[in-house]
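Chemist: Heads up: the sequence shown is residues 234 to 352, going by this note's numbering. By construction, the Cβ of each residue, glycine as well, lies at the ideal position given by its N, Cα and C atoms. Mind looking over this structure? Questions follow.
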Amino acid sequence: MLVKYSDSKRQIAMGLLSTVQAFNSIDVVQLVLERFTKGNRQIYLERKDGTYIGIVMIILEEECLIVDRMAFIANEETVFNENEILRSLTSIYPDRRLMGSLKTSAMIERFEMGQVNES
Numbered sequence: 234m235l236v237k238y239s240d241s242k243r244q245i246a247m248g249l250l251s252t253v254q255a256f257n258s259i260d261v262v263q264l265v266l267e268r269f270t271k272g273n274r275q276i277y278l279e280r281k282d283g284t285y286i287g288i289v290m291i292i293l294e295e296e297c298l299i300v301d302r303m304a305f306i307a308n309e310e311t312v313f314n315e316n317e318i319l320r321s322l323t324s325i326y327p328d329r330r331l332m333g334s335l336k337t338s339a340m341i342e343r344f345e346m347g348q349v350n351e352s
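Structure below.
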């Protein structure tokens, strides 16, 4: 279940962001958190069985939703969990097309192929 980021979940978000290899210091994590809580950028946390297992950072454009990054705690980085987040995003933003960044485009493509196969 996706939960929208709020200041009360700051420590959880920072912990999840620290799992991203490119965010190799607390300063970088804090900077990313600041950037994705302003304007058209948003953060959602994935919660499963009462535990926060993942984070997704998105950019909202007029006609699309760009999945910028997605990260999970150890042992939860699975295609199933990725697809759960993407399915949730498509239900939250049904009028926007999912698009990926350089880091997430393969994930989006895999998800869309699965959606076609399920139809």
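Given this structure, state the Cα-to-Cα distance separating Arg330 from Asn316, to the nearest angstrom.
Modeler: Those two C-alpha atoms are separated by around 15 angstroms.
Chemist: Going by beta carbon distance, what residues of the same chain come within less than 8 angstroms of Leu250, once the five residues before and after it are set aside?
Modeler: Answer for Leu250: Phe256, Val262, Val265, Leu266, Ile288, Ala304, listed in chain order.
Chemist: Could you pull out every residue in the same chain whose Cβ sits closer than 6 angstroms to the Cβ of Gln275, ignoring the five residues on either side in sequence?
Modeler: Taken in chain order, the residues that qualify are Ile291.
Chemist: Per DSSP, Ala304 is paired with what?
Modeler: Ile288, per the DSSP bridge assignment.
Chemist: Quick one: what does DSSP say Gly248 is sitting in, helix, strand or coil?
Modeler: If DSSP states are grouped into helix, strand and coil, Gly248 belongs with the helices.
Chemist: Which whole-angstrom value is the C-beta distance of Ile318 and Leu235, which I expect to be below 8 angstroms?
Modeler: Contact flag correct, Cβ pair sits at about 7 angstroms.
Chemist: In whole angstroms, what separates the C-alpha of Val300 from that of Ala307?
Modeler: Whole-angstrom Cα-Cα distance: 21 angstroms.
Chemist: Mind checking whether Asn314 and Glu279 have CB atoms under 8 angstroms apart?
Modeler: Their beta carbons are under 8 angstroms apart, which means Asn314 touches Glu279 by this criterion.
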